[in-house]
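J.: Numbering-wise (my numbering), the sequence shown opens with residue 241 and increments by one. C-beta: ideal position from N, C-alpha, C; glycine also. Source: prediction; values computed, not measured.
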Amino acid sequence: MAETLKKTLGPLMLWGLGVGYVISGMYFGWNLGLAEGGTYGLALATFFIIIMYVTFTFSYTELACAIPKAGGAFEYANRALGKDLGFITGMAQNIEFIFAPPAIASAIGAYLNLVYPDISVLTFAFTAYIIFTVINIFGVRLAASFELVITIFAVIELLIFAGVTLPKFDMANLHQNPLPNGWSGAFAAIPFAIWFFLAIEGVANVAEETINPQKNIVKGFGSAILTLVVLCVLTFCSSVGVAGWEAVVYEPGTTATSDSPLPLALAKVVNEGHILYKLLIGIGLLGLIASFHGIILAAGRSTFEFGRVGYAPKLLGKVHAKFKTPSNALILNMIIGFLALLTGKTGEIITIACFGALGLYVLSMISVLKLRRAEPELERPFKTPLYPIFPWVALTISFIALIAMTVYNSQLALFFFGILALSFIVFKLIKK
Numbered sequence: 241m242a243e244t245l246k247k248t249l250g251p252l253m254l255w256g257l258g259v260g261y262v263i264s265g266m267y268f269g270w271n272l273g274l275a276e277g278g279t280y281g282l283a284l285a286t287f288f289i290i291i292m293y294v295t296f297t298f299s300y301t302e303l304a305c306a307i308p309k310a311g312g313a314f315e316y317a318n319r320a321l322g323k324d325l326g327f328i329t330g331m332a333q334n335i336e337f338i339f340a341p342p343a344i345a346s347a348i349g350a351y352l353n354l355v356y357p358d359i360s361v362l363t364f365a366f367t368a369y370i371i372f373t374v375i376n377i378f379g380v381r382l383a384a385s386f387e388l389v390i391t392i393f394a395v396i397e398l399l400i401f402a403g404v405t406l407p408k409f410d411m412a413n414l415h416q417n418p419l420p421n422g423w424s425g426a427f428a429a430i431p432f433a434i435w436f437f438l439a440i441e442g443v444a445n446v447a448e449e450t451i452n453p454q455k456n457i458v459k460g461f462g463s464a465i466l467t468l469v470v471l472c473v474l475t476f477c478s479s480v481g482v483a484g485w486e487a488v489v490y491e492p493g494t495t496a497t498s499d500s501p502l503p504l505a506l507a508k509v510v511n512e513g514h515i516l517y518k519l520l521i522g523i524g525l526l527g528l529i530a531s532f533h534g535i536i537l538a539a540g541r542s543t544f545e546f547g548r549v550g551y552a553p554k555l556l557g558k559v560h561a562k563f564k565t566p567s568n569a570l571i572l573n574m575i576i577g578f579l580a581l582l583t584g585k586t587g588e589i590i591t592i593a594c595f596g597a598l599g600l601y602v603l604s605m606i607s608v609l610k611l612r613r614a615e616p617e618l619e620r621p622f623k624t625p626l627y628p629i630f631p632w633v634a635l636t637i638s639f640i641a642l643i644a645m646t647v648y649n650s651q652l653a654l655f656f657f658g659i660l661a662l663s664f665i666v667f668k669l670i671k672k
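#1: Would residue 242 be called buried (16 or more neighbouring beta carbons within 10 Å of its own) or exposed?
#2: I want to know whether the segment 410-421 touches the segment 577-591 - three or more CB-CB distances under 8 Å.
#3: Given this structure, state the Cα-to-Cα distance separating residue 473 from residue 409, to the nearest angstrom.
#4: Going by alpha carbons, who is nearest to residue 471 out of 507, 459, 400 and 536?
#5: Between 446, 514 and 530, which lies nearest to residue 347 when the distance is taken from Cα to Cα?
#6: Excluding the 5 residues preceding and the 5 following residue 296 in the sequence, name in chain order all residues of the same chain whose CB lies nearer than 6 Å to its CB.
#7: Based on the DSSP secondary-structure assignment, which residues constitute the bridge partners of residue 490?
#8: From residue 287 to residue 430, what does the alpha carbon distance come to, in whole angstroms?
#9: If you count every other CB in all the chains shown that lies within 10 Å of the CB of residue 629, and 16 or more means buried, which is it?
#10: When the Cα atoms are used, what is the spatial distance from residue 641 to residue 426?
#11: Using 8 Å as the threshold, is the C-beta distance between residue 386 and residue 396 below it?
#12: May I ask you to report which of helix, strand or coil DSSP gives residue 450?
#13: Could you check how far apart the C-beta atoms of residue 404 and residue 516 are, in whole angstroms? I think they sit under 8 Å.
#14: Could you give the residue range of the alpha helix (DSSP H) that holds residue 588?
#15: To which residues of the same chain is residue 623 closer than 7 Å at the C-beta, ignoring the five residues directly before and after it?
#16: Considering only their Cβ atoms, is the gap separating residue 320 from residue 597 smaller than 8 Å?
#17: Taking the alpha carbon of residue 305 as the point to measure from, which residue in 451, 469 and 554 has its own alpha carbon closest?
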């Protein structure tokens, strides 16, 4: 009997997952792009990345509704482009979803370290990994319900943060040293603009566990991307507008970059003993947990599907006998996350995850275009609006972003493409 996942998710749960996967990007990581591009450079990169994600999301929804499988992009490319490119797409997806959680875990550790400085960042990060892997093993309904609750709190906290900081907003702060590395800095800022929205496509990876996926995925995806675009613009302006971009990038009095930009901005408005400051640390932590927990969920499904179809050891394609969740895949991903955490390089881990995302986006949009031509009779409960403009726009921007990231991060690009090449060689040898 084939290993199957249990259908329990509705549109509200999908909204919670979609926003939850991404919302940590509002709390940390994006600010590192300011050091590369300044206010203007990161704003320009983010403008084009928003266009990419809106057009991508609506195009990807067509695939998710037509082929509701746990493997997400891997399943779509496998059908549209064949097994070889399907494997490459699946590996890009795995890299994105497996490398994003350790970056978030590091930020969780950094936030908690502000409150409990005697406990190391790594101790908090490892503990978080274990707790949320166990929650995901216990069941997708429990995992998604938990995700929805903490996502709502995280959204509310961002609105409170904006409400406190916007009265102190000064347009002049957006123009302070706006291009520290010239306009070319906008290209270097691309991975951090992507971080604002990274992993929204993870909603597709729970399509197999969604009740009536043809209708509910459309509602979940659409409402999630709208929510995230509004929060992105609000967070960017309210953070930088308080005291300029350097104030949310560097720890006070140092040149060390920070994983907690919102507390840095809030400290310019209220003192660190103020209830609002403590509230931001407490509830802000939920924003990180929402994404951490949600991406662990999506990553488990992605790795599980690779094992289920025989592209990875079959053990990874087994579901837990009692909980009907991909427990083996979840545990393997946690171990890889531990190893990434030990490097201590949050910015580099974010960039590697973004390489995986862009590879997935490029091949997924090619899949949309190819399937329209190759299988016009395929039932498509949702069709991409303004086809073929949307998939072509998403494909073009994601491809340019991939090239730019390769130029500005040559060593990390070598690492990413090296993983793809090595895994593909092993895949071909095993298949023979």
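T.: In short, the structure shows the following:
#1: Here the model assigns residue 242 a pLDDT of 48, short of 50, so the residue's position is not dependable, and the following value carries that caveat. Exposed is the call here.
#2: no
#3: 14 Å
#4: 400
#5: 530
#6: 601 and 634
#7: 497
#8: 10 Å
#9: exposed
#10: 11 Å
#11: no
#12: strand
#13: 6 Å
#14: 586-614
#15: 302
#16: no
#17: 451
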